[in-house]
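These notes are about the structure you will find just below.
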Amino acid sequence: MTIKKTPPSEMIRVPTVLISVVRQLSKIHRKGHTTALLEALQEVIAQFDSSVELPVTELQQVEEKLESLSTHLCKQDELLASKLETLARHLEKIERSLASGRYSGGNSRQRRSAYPYQYQQPVEINSFAPENLAMRLGVTKQSLINEWETKSEKEFISWSRNRDPSSLGWKFQVSDGLFYPVKQ
Numbered sequence: 201m202t203i204k205k206t207p208p209s210e211m212i213r214v215p216t217v218l219i220s221v222v223r224q225l226s227k228i229h230r231k232g233h234t235t236a237l238l239e240a241l242q243e244v245i246a247q248f249d250s251s252v253e254l255p256v257t258e259l260q261q262v263e264e265k266l267e268s269l270s271t272h273l274c275k276q277d278e279l280l281a282s283k284l285e286t287l288a289r290h291l292e293k294i295e296r297s298l299a300s301g302r303y304s305g306g307n308s309r310q311r312r313s314a315y316p317y318q319y320q321q322p323v324e325i326n327s328f329a330p331e332n333l334a335m336r337l338g339v340t341k342q343s344l345i346n347e348w349e350t351k352s353e354k355e356f357i358s359w360s361r362n363r364d365p366s367s368l369g370w371k372f373q374v375s376d377g378l379f380y381p382v383k384q
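Per this note's numbering, the sequence shown starts with residue 201, numbered consecutively.
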């Protein structure tokens with residue numbers, strides 16, 4: 201003789217509104233009235249007519265909204281995929297055109313440099329006031345004047361040439377008070 205064990209209880213989630221009802225059903229079940237309870241529930245369920253629409257619960261509303269959102273997102277994904285395919289085709293056309301040399305400017309036109317100023321003629325420097333030359337040489341105006349006063353003309357030209365960014369030597373003209381570059 202085999203004894204049938206009752207299956208273990210299952211944990212289920214119940215909407216908050218039904219918690220008290222489920223607790224009462226559980227008490228009735230524990231008192232041994234399970235069969236009577238099931239029969240009563242079947243009668244109540246039978247009383248509902250399938251043609252009668254029950255009010256939509258919040259959960260059903262959320263499910264409907266999620267379904268609507270999911271449908272919308274699927275359509276957006278399809279639209280985005282379509283746009284990406286179109287962009288990929290255009291990019292492929294551009295790459296082919298560039299590879300074939302159609303838009304490279306051809307042999308008739310010279311390619312422009314990213315640094316157009318590098319091909320210009322160098323600017324010729326005519327003269328500098330003492331404060332401007334001092335800035336160019338990276339010294340103060342006073343130290344520039346001290347160097348000019350303490351050195352011979354050749355020594356000053358050599359000193360200024362060593363400090364100048366373009367390696368120019370500088371010579372002072374007393375008549376106008378300006379420094380002039382020395383031509384080599």
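Quick reminder that beta carbons are idealized off the backbone N, C-alpha and C, glycines included. Quick caveat: nothing in here was measured; it's all calculated off a predicted structure.
For residue 218, no alpha helix (DSSP H) segment is defined, and its DSSP state is neither H nor E. Across the structure, residue 273 and residue 279 are spaced so that their CA atoms are roughly 10 Å apart. A straight-line Cα-Cα distance of about 33 Å links residue 222 and residue 269. Listed as beta-bridge partners of residue 382 by DSSP are 369.
Residue pairing from DSSP leaves residue 356 without any beta-bridge partner.
Residue 266 and residue 219 have their C-alpha atoms roughly 26 Å apart. Inter-residue distance for residue 371 and residue 383 is about 10 Å (C-alpha atoms, whole angstroms).
Using a Cβ-Cβ distance cut-off of 8 Å, the segment 330–338 and the segment 279–295 are not in contact, since fewer than three pairs of beta carbons, one from each stretch, lie closer than that value.
Bounds of the alpha helix (DSSP H) holding residue 271 are 258–300. Residue 381 is a Cβ neighbour of residue 326, given a cutoff of 9 Å.
Note on geometry: alpha-carbon atoms of residue 347 and residue 324 lie some 25 Å from one another. Counting only the Cα atoms, residue 369 lies some 6 Å from residue 358. Counted as a single uninterrupted DSSP element, the alpha helix (DSSP H) harbouring residue 343 occupies residues 341–350. A buried status is given to residue 334, since no fewer than 16 other beta-carbon atoms sit within 10 Å of its beta-carbon.
Here residue 225 is actually not in contact with residue 238; their C-beta atoms are around 10 Å apart, not less than 8 Å.
Residue environment analysis places residue 344 among the buried positions, since at least 16 neighbouring C-beta atoms fall within 10 angstroms of its C-beta.
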